[in-house]
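Trainee: Convert by adding 987 to the 1-based position in the sequence shown; the result is the number in our numbering.
Glycine included, C-beta positions come from ideal geometry on N, C-alpha and C.
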Amino acid sequence: MNILKIHDEIVESYRSYIESFIDIHDDDIRDEVSNRLGDGTLWPEPLVQFNPAYERALSVADLVKEKTLSSEMESVFHRYELYTHQVEAIRLGVQPKSFVVTSGTGSGKSLTYIGSILNSLFNEGTGNGIRAVLVYPMNALINSQEEELKKFKENYEKHSGRPFPIRFEAFTGQTKADLRKTIKESPPDILLTNYMMLELLLTRYEERQIKDSIAKNLKFLVFDELHTYRGRQGADVGMLIRRIKSILSRPLTCIGTSATMVSKGSSDDKKQIVADFASKIFAEQFTKEQIISEKLERSLNESGEIPSASELKQAISQDLTNFKDEDELRKHPTAIWLENAVALKVNEADGELNRATPIPKTDIATKLARAASLCDDSIPSVAKHLDGLFLGINGVNQALVAKGKRYTLLPFRLHQFFAQTGSVYATLDEPGNRHPTLQPGLHFAVNGEPDRFLFPHVFSRASGMTFICVYYDEHKGRLLPREFNDSMPEDDNLVSGYIIPGNEDVWNPETDLESLPSSWTRTDRTGKMRFDPKYRDRAPQRIYFKPDGSCSDDESEGLPGWFMPCEPKGLLFDPTAGVFFEANTSERTKLTTLGNEGRSTSTTITSFLTLDSLNRNGFLPRDQKLLSFTDNRQDAALQAGHFNDFIRVTFIRSAIAKALKSNPNGLDYTKIGPAVLEALGLPATAFAKNVVNDAPTFILDEIKRVFSD
């Protein structure tokens, strides 16, 4: 898998999508936009983040031998090697004592509380009601954890030869009625849910059996992804925990897991901050000894000794695309340098290894070139060597996964940021001297001159001509910047509108009146056509303006242009293209900024491009997957719906285009339906119930006829 190639394809395709909306008439603005799109202003070079190795400690078998864990645990976690933070957390959990684990992705945080809970159930017996409640911020995480518990169940039954004695169930909005009834009548040992559903379980009368079981039996309360509970949501969770504690008949062990919450300070300082947070949300005192942080180790060279400049230079000079095995990777000079100089850093406060801050690949190449005593001209070749190194690391890790190994060596991820496009900003100077920029601002500093206003520039969707967003003060003869979406000024003397730079090439009152709808004009006594009084204030007004924003109707006063009012009801016609609009038409339908994408559209497009690139690069259908994270359930639902709608609309439009291409003489309304259905190529089972694809032809034909109608 060449992840670097896939990444480049996604970014280039996204750029092509954004550029498809850009139609700018003025050369200087078009050139500036093209340059900024090319230099990565809107999608900078990705950050490379490495996932260092976690420090290894004891195995589950070792903890069983020292009587920390029940002997049954060895069957659940057969041959599991544990990290230091897992061992420290489990030692607290079996006491039992509350704790919080903060560590990175893939560090096995869930094993710390699953191990503590299962050990307690093995020691104290099962089937006595709900002993543990596991709370997750999203149902997707609940479903994932339920699958993990099923794997532990299978492990136990495989290695012990006995049925797994512990029951676990998920109770969410997705849980079917029959399973809900079973859970109420016979509560499981472990209940997985989200905090909103847990609130309902404690307050709804129909779930009183679950509440009673929690009140009598609960021993462990776990909140996964603890860092997501902040602000009002955090306050809600804090109150929920206090409500639970108020009904319990026994002490409660509170457990939290989280991504790294604090990045600065010594280990003790960071732990104390997390302890203070945990004390507030769990309503009990946490000490820093109850905060378990990840401990890292070097995976390639335990000594931490960095290769010499000559060793690095020699390694860089050799072509690299893959490694024979993991031993070759462990000994490779640039790989060792990469782990020690880029992936890890030593905390000066306590000497512990910490994750380093992600940086762009170009910065990594620059650091490596200097470490190898190479000149700056060699940075491109060093970057090429790094590409080979990254692909080699990927190849080794894929081989380790294929062999069933539970570790990887220096895995990395790319963080690509996409900025939302906005307006172009420029001064009121003449074309070629107006300093266009994509950076929002109010003023532009000109050497030796007073600062000038920066005005948002938008563009006609029909002609590509520039429309400058302004407030026009007719009394003072002054133009002020106006954001595209702002139409109602705070000052009554200001009129919202647009300046269209140009002369009669934009609007010629002598000839262009004839192109207006008849309702817009009237003929006076002399036979001359004029604007109807009803629309006179929407007519283009001749104006001359200067770079400082002053303006008048005097031709000697500056650059020529036309002022188009946009209030009330927005811009009613575009004189650059002769297009007219209904009063309720959105301004963004008439004029455009750089792009037309919002957050949902951008997410949908990048998601689609990712899946498409995986498909084109030979990934099997089962591996063409995308995982999206969000802290907001409503946003997740909206995004899923947006993506599904986009795919359906694209599918239909593609079928229409294919149908028209297959029928060069055109299609009337009686033929378009069947032609599109044929282009879709869908089997009857995709749109009809109780039918099979090998049904008689006359039945399938009738189904297709009804569907196309």
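What does a CB cutoff of less than 6 Å around Ser1058 pick up in its chain, not counting 5 residues either side in sequence?
Mentor: Hits under 6 Å: Val1051.
Trainee: Ordered along the chain, which non-local residues of its own chain (more than five positions away) have a Cβ less than 7 Å from that of Asn1384?
Mentor: Cβ within range, chain order: Thr1395, Leu1396, Pro1398.
Trainee: Less than 8 Å between C-beta atoms, sequence neighbours within five positions excluded: which residues of the same chain meet that for Cys1553?
Mentor: Contacts found: Ser1474, Ser1483, Gly1484, Tyr1485, Glu1574.
Trainee: For Asn1420 and Asp1364, what's the separation of their Cα atoms in angstroms?
Mentor: Asn1420 and Asp1364: Cα-Cα distance of roughly 34 Å.
Trainee: How about Tyr1283 and Ala1040: are their beta carbons less than 9 Å apart?
Mentor: It is Leu, not Tyr, that sits at residue 1283 in the sequence shown. Yes, Cβ-Cβ distance for Leu1283 and Ala1040 is below 9 Å.
Trainee: For Gln1305, does the count of other Cβ atoms within 10 angstroms reach 16, so buried, or fall short, so exposed?
Mentor: Classification for Gln1305: exposed.
Trainee: Give every residue of the same chain whose Cβ lies closer than 7 Å to the Cβ of His1629, excluding the five residues on either side of it in the sequence, and list them in chain order.
Mentor: Within the same chain, His1629 has close Cβ partners Ser1587, Thr1591.
Trainee: For the alpha helix (DSSP H) that Trp1549 lies in, which residues bound it at each end?
Mentor: First-last for Trp1549: 1546–1552, but that is the beta strand (DSSP E), not the alpha helix (DSSP H).
Trainee: Counting only the same chain and skipping the five closest in sequence on each side, list residues whose C-beta sits under 7 Å from that of Asn1381.
Mentor: Excluding residues within five positions, the ones whose Cβ falls inside 7 Å are Met988, Ile990.
Trainee: So Pro1152 packs on Thr1113, CB below 8 Å; how close in whole Å?
Mentor: Rounded, the Cβ-Cβ distance is 5 Å, consistent with contact.
Trainee: Give the straight-line distance between the Cα atoms of Phe1616 and Lys1332, rounded to the nearest whole angstrom.
Mentor: The alpha-carbon atoms of Phe1616 and Lys1332 are separated by roughly 28 Å.
Trainee: Starting from Leu1450, trace the alpha helix (DSSP H) both ways and give me its first and last residue.
Mentor: Reading off the sequence, residue 1450 comes out as Ser, not Leu. Per DSSP, Ser1450 belongs to no alpha helix (DSSP H) and is neither H nor E.
Trainee: DSSP on Phe1442, reduced to helix/strand/coil?
Mentor: Strand, per DSSP.
Trainee: Considering Cα atoms alone, identify which of Glu1491, Pro1476, Arg1217, Pro1562 is closest to Pro1504.
Mentor: Taking only the C-alpha atoms, the option nearest Pro1504 is Pro1562.
Trainee: Quick check on the DSSP output: what are the complete beta strand (DSSP E) runs of length 3 or more inside the region 1390–1432, in order along the chain?
Mentor: Entirely contained in the region 1390–1432, the beta strand (DSSP E) runs reaching 3 residues are, in chain order, 1399–1402, 1411–1413.
Trainee: Would Leu1029 and Ala1406 qualify as a contact pair, given that the criterion is a beta-carbon distance under 9 Å?
Mentor: In this structure, Ala1406 lies closer than 9 Å to Leu1029 by Cβ.
Trainee: Evaluate Cys1362 with the Cβ neighbour count: other Cβ atoms within 10 Å of its Cβ, from every protein chain shown; 16 or more gives buried, anything less gives exposed.
Mentor: By the neighbour-count rule (16 or more Cβ atoms within 10 Å), Cys1362 is not buried but exposed.
Trainee: So, helix, strand or coil for Asp1511, using DSSP?
Mentor: Of the three classes helix, strand and coil, the one that applies to Asp1511 here is coil, per DSSP.
Trainee: Could you pull the start and end residues of the alpha helix (DSSP H) that Asn1106 belongs to?
Mentor: Asn1106 -> alpha helix (DSSP H) spans 1096–1111.
Trainee: Is DSSP giving Gln1196 helix, strand or coil here?
Mentor: Helix at Gln1196.
Trainee: Kindly provide the ranges of any alpha helix (DSSP H) runs that are 4 or more residues long and lie completely inside the region 1146–1231, ordered along the chain.
Mentor: Whole alpha helix (DSSP H) segments, 4+ residues: 1164–1172, 1182–1190, 1195–1204.
Trainee: Note down the Cα distance separating Phe1310 from Leu1378, rounded to an integer number of angstroms.
Mentor: Roughly 9 Å between the two C-alpha positions.
Trainee: Look at Ala1119 and Phe1064 and say whether their C-beta atoms are less than 9 Å apart.
Mentor: Going by C-beta atoms, Ala1119 is not nearer than 9 Å to Phe1064.
Trainee: According to DSSP, which residues form a beta bridge with Lys1332?
Mentor: BP columns for Lys1332 point to Asn1341.
Trainee: Which residues does DSSP list as the beta-bridge partners of Tyr1123?
Mentor: Per DSSP, Asn1181.
Trainee: Does DSSP put Thr1593 in a helix, a strand or coil?
Mentor: In this structure, Thr1593 counts as helix in the three-state DSSP scheme.
Trainee: Based on DSSP bridge pairs, tell me the residues matched to Gln1528.
Mentor: According to DSSP, Gln1528 bridges with Phe1550.
Trainee: Look at the alpha carbon of Ile1231 and the alpha carbon of Asp1199, and state the distance between them as a whole number of angstroms.
Mentor: The straight-line gap from Cα to Cα measures roughly 11 Å.
Trainee: If you count every other CB in all the chains shown that lies within 10 Å of the CB of Asn1126, and 16 or more means buried, which is it?
Mentor: Buried is the call here.
Trainee: Return the residue from the list Asp1535, Asn1490, Asp1511, Lys1354 that minimises the CA-CA distance to Pro1527.
Mentor: The residue with the shortest Cα to Cα distance from Pro1527 is Asn1490.
Trainee: So the candidates are Asp1622, Pro1661, Asn1652, Ala1623; which of them puts its Cα closest to the Cα of Ile1639?
Mentor: The shortest C-alpha separation from Ile1639 is found at Pro1661.
Trainee: Per the DSSP calculation, Met1516 is bridged to which residue(s)?
Mentor: DSSP output for Met1516 lists Thr1510 as bridge partner(s).
Trainee: Among Ala1336, Leu1299, Ala1330, which one has its Cα closest to the Cα of His1319?
Mentor: Looking at the Cα atoms, Leu1299 is the closest of the given residues.
Trainee: What residue from Asn1650, Ala1164, Val1035, Thr1071 has the CA that sits closest to Ser1046's CA?
Mentor: Measuring from the Cα of Ser1046, the nearest candidate turns out to be Thr1071.
Trainee: Determine whether the beta carbon atoms of Ser1233 and Lys1258 lie at a separation below 9 Å.
Mentor: No. Outside cutoff.
Trainee: To the nearest angstrom, how far is it from the Cα of Ala1016 to the Cα of Thr1424?
Mentor: Correcting the residue type first, residue 1016 is Ile in the shown sequence and not Ala. Going from the Cα of Ile1016 to the Cα of Thr1424 covers about 8 Å.
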